[in-house]
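Peer 1:
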Amino acid sequence: MDDAGMPKPEMEKHSRIFVAGHRGLVGSAICRHLLRLGYTNLIARTRGELDLTNQSAVDAFFAAEKPEYVFLAAAKVGGILANSNYPVEFLRDNLTIEINVIEAAYRNGVKKLECLGSSCIYPKLAPQPIKEEYLLTGPLEPTNEWYAIAKIAGIKLAQAYWRQYGFRAISLMPTNVYGPGDNFDLQSSHVLPALIRKAHEARLKHSREMVVWGSGEPRREFLYVDDMAEAAVFLMLHYDSADIINVGVGEDHSIRELAELVCRVVGYQGRLVFDASKPDGMPRKLLDIARLRNIGWRPRINLEEGIARAYQWFLEPEQGAPRSMAI
Ligand code: GDP
1401 MDDAGMPKPE
1411 MEKHSRIFVA
1421 GHRGLVGSAI
1431 CRHLLRLGYT
1441 NLIARTRGEL
1451 DLTNQSAVDA
1461 FFAAEKPEYV
1471 FLAAAKVGGI
1481 LANSNYPVEF
1491 LRDNLTIEIN
1501 VIEAAYRNGV
1511 KKLECLGSSC
1521 IYPKLAPQPI
1531 KEEYLLTGPL
1541 EPTNEWYAIA
1551 KIAGIKLAQA
1561 YWRQYGFRAI
1571 SLMPTNVYGP
1581 GDNFDLQSSH
1591 VLPALIRKAH
1601 EARLKHSREM
1611 VVWGSGEPRR
1621 EFLYVDDMAE
1631 AAVFLMLHYD
1641 SADIINVGVG
1651 EDHSIRELAE
1661 LVCRVVGYQG
1671 RLVFDASKPD
1681 GMPRKLLDIA
1691 RLRNIGWRPR
1701 INLEEGIARA
1711 YQWFLEPEQG
1721 APRSMAI
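For the sequence shown, position 302 (counting from the first letter as 1) is numbered 1702 according to the numbering used here, and the numbering increases by one without interruption.
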């Protein structure tokens, strides 16, 4: 029961579940996990079928399909360079998607909605590991503030709907997620897929060195996408609060350590060269995951194993490719 004496909704195997962003890294993993668990009534639309930045299209979709549960995994995402180069898309598109989907979900009687944010919403110099309550306690990292502002607005919007209308909208803050289905484009990707690609190509070309952006000193935490999907479903079932909740693994690595590990997995033995003309971004981004641990969830896949799986997918994307999954 909740505060108002209402029974809490239970996501059932036949519930109508809309996964927004089902072709993305996280959305596709959530779909795979739901199907594996026996959920039979998944609803998904490609961007061509439903443009989530188009308010009337989103309204019409919700009115027709009447989903009961929504995973909001659709977003304009990208690495440190893409974020700096496309500030309008990162801010505008993410804000618009959040507003359209949350409003339509509320109006159409969705029982529970889960928003996916990001660890980059926290202040640049937040104490580490980062607790949920550090949100809005200091200035943001400038290289990703556009995306961060949009995601913070999304959290606040979800909290506002819960407070004003009692609409159950929970918000997860995942750390850097990687794995099969990732973006391996060197200009727009995050660091881990970029390093896999660079190490692979350097090995094939017998290059003597491989370039890593920045100083190699920043520290990041990496969560394998299937673990992320498990946490997303677990929290939809078991977390019932407007307070944000971090999703991470509880340990981090310097970019240099990460590059060395990737090279080992990929089998590249050349030298690492650090390109100081590229930005470092946040010096460290390690989430405090005590809140998540306390409700009983832990990741399963360690970093080396996850990199090996991601590399395998990079080599053979058709093998179990999440993008071609039919729902
Ligand atoms: P961030 O976590 O928002 O800073 O985004 P990224 O995953 O793009 O970058 C994380 C860190 O990895 C930054 O310090 C980057 O400079 C560094 N990095 C090193 N090599 C690369 C690369 O090839 N691509 C990307 N995207 N980042 C790299």
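All C-beta atoms, glycine included, are put in the ideal place defined by N, C-alpha and C. It should be emphasised that the depicted structure is a prediction, and the values quoted were computed from it without experimental measurement.
Pull up the DSSP beta-bridge partners for residue 1685, would you.
Peer 2: Residue 1685 is bridged to 1620.
Peer 1: Does residue 1671 come out as helix, strand or coil in the three-state DSSP assignment?
Peer 2: Strand.
Peer 1: So, residue 1472 versus residue 1513, is the Cβ gap smaller than 9 Å?
Peer 2: The answer is yes: Cβ separation under 9 Å.
Peer 1: If you measure from the CB of residue 1541, is any heavy atom of the ligand GDP nearer than 8 Å?
Peer 2: Result yes, Cβ under 8 Å from the ligand GDP.
Peer 1: Given that a residue counts as buried once 16 or more other Cβ atoms are within 10 Å of its Cβ, and exposed if not, what is residue 1695?
Peer 2: Label assigned to residue 1695: exposed.
Peer 1: Are three or more beta carbon pairs between the region 1596-1616 and the region 1647-1657 nearer than 8 Å?
Peer 2: Contact holds: three or more Cβ-Cβ distances are below 8 Å.
Peer 1: Considering only residues of the region 1463-1531, which uninterrupted beta strand (DSSP E) runs meet the minimum length of 3 residues and lie entirely inside it, listed in chain order?
Peer 2: Counting whole runs of 3 or more residues, the region 1463-1531 contains the beta strand (DSSP E) stretches 1469-1472 and 1512-1516.
Peer 1: Residue 1599 to residue 1606, Cα distance in whole Å?
Peer 2: Approximately 10 Å, taken between the alpha carbons.
Peer 1: Which value, in whole angstroms, describes the spacing of the CA atoms of residue 1540 and residue 1522?
Peer 2: About 7 Å.
Peer 1: Which of helix, strand or coil does DSSP assign to residue 1758?
Peer 2: Nothing about residue 1758 can be reported from this structure: the residues present for the chain run from 1401 to 1727 only.
Peer 1: May I ask you to verify whether the region 1662-1682 touches the region 1638-1648, counting CB pairs closer than 8 Å and requiring at least 3?
Peer 2: No: the two stretches stay apart, fewer than three of their Cβ pairs being nearer than 8 Å.
Peer 1: Any idea if residue 1448 is buried or exposed, counting beta-carbon neighbours within 10 angstroms, 16 or more meaning buried?
Peer 2: Flag for residue 1448 reads exposed.
Peer 1: Just confirm the distance between the C-beta atoms of residue 1569 and residue 1562, as a whole number of angstroms; I'd bet it's less than 8 Å.
Peer 2: That pair is a contact at about 6 Å.
Peer 1: From residue 1651 to residue 1456, what does the alpha carbon distance come to, in whole angstroms?
Peer 2: Using only the alpha carbons, I get a separation of about 43 Å.
Peer 1: Assuming residue 1690 is part of the alpha helix (DSSP H), what are its boundary residues?
Peer 2: From DSSP, the alpha helix (DSSP H) with residue 1690 extends over 1690-1694.
Peer 1: How about residue 1483: is its Cβ closer than 8 Å to a heavy atom in the ligand GDP?
Peer 2: Checking the Cβ of residue 1483 against the ligand GDP gives yes.
Peer 1: For residue 1627, count the other beta carbons within 10 Å of its own beta carbon; 16 or more makes it buried, fewer makes it exposed. Which is it?
Peer 2: Classification for residue 1627: buried.
Peer 1: Any heavy atom of the ligand GDP closer than 8 Å to the CB of residue 1544?
Peer 2: Residue 1544 Cβ: within cutoff of the ligand GDP.
Peer 1: Would you check if there are 3 or more beta carbon pairs closer than 8 Å linking the region 1452-1468 to the region 1487-1500?
Peer 2: Yes, the region 1452-1468 is in contact with the region 1487-1500.
Peer 1: Tell me whether residue 1670 counts as near the ligand GDP, meaning its Cβ is closer than 8 Å to at least one heavy atom of that ligand.
Peer 2: Every heavy atom of the ligand GDP is 8 Å or more from the Cβ of residue 1670, so no.
Peer 1: Determine the closest residue to residue 1603 out of 1587, 1669 and 1491, with distance taken between C-alpha atoms.
Peer 2: It is 1669 whose Cα lies nearest to the Cα of residue 1603.
Peer 1: Less than 9 Å between CB atoms is the rule here; does residue 1531 satisfy it with respect to chain D?
Peer 2: No chain D appears in this structure, which consists of one protein chain only.
Peer 1: Taking 8 Å as the cut-off, does the CB of residue 1590 come closer than this to any heavy atom belonging to the ligand GDP?
Peer 2: Checking the Cβ of residue 1590 against the ligand GDP gives yes.
Peer 1: By Cβ distance below 6 Å, which residues in the same chain neighbour residue 1465 in space, the five residues on each side in sequence not counted?
Peer 2: Same-chain partners within the cutoff: 1443.
Peer 1: Three-state secondary structure (DSSP) at residue 1544?
Peer 2: Looking at residue 1544 - three-state DSSP - the assignment turns out to be helix.
Peer 1: Roughly how far, in whole angstroms, is the beta-carbon of residue 1591 from the beta-carbon of residue 1674, given that I think they are within contact range, below 8 Å?
Peer 2: Residue 1591 to residue 1674, Cβ: 13 Å. No contact.
Peer 1: Grab the span of the beta strand (DSSP E) containing residue 1577 for me, first residue to last.
Peer 2: Segment 1576-1578, the beta strand (DSSP E) holding residue 1577.
Peer 1: Taking 8 Å as the cut-off, does the CB of residue 1530 come closer than this to any heavy atom belonging to the ligand GDP?
Peer 2: Answer for residue 1530: no, Cβ out of range of the ligand GDP.
Peer 1: The alpha helix (DSSP H) with residue 1634 in it runs from where to where?
Peer 2: Per DSSP, residue 1634 belongs to the alpha helix (DSSP H) from 1625-1638.
Peer 1: Is it the case that the Cβ atoms of residue 1476 and residue 1518 are separated by a distance below 9 Å?
Peer 2: Contact flag unset, no.
Peer 1: Would you report the Cα separation of residue 1416 and residue 1433, rounded to the nearest angstrom?
Peer 2: Near 15 Å, if we compare the C-alpha coordinates of residue 1433 and residue 1416.
Peer 1: Run through DSSP, which three-state label would residue 1584 get?
Peer 2: Coil, per DSSP.
Peer 1: For residue 1587, I'd like the list of residues in its chain whose CB is within less than 8 Å of its CB, leaving aside the five on either flank, ordered along the chain.
Peer 2: 1481 and 1482, listed in sequence order.
Peer 1: Note the first and the last residue of the continuous alpha helix (DSSP H) segment covering residue 1649.
Peer 2: Run containing residue 1649: none; DSSP gives neither H nor E here.
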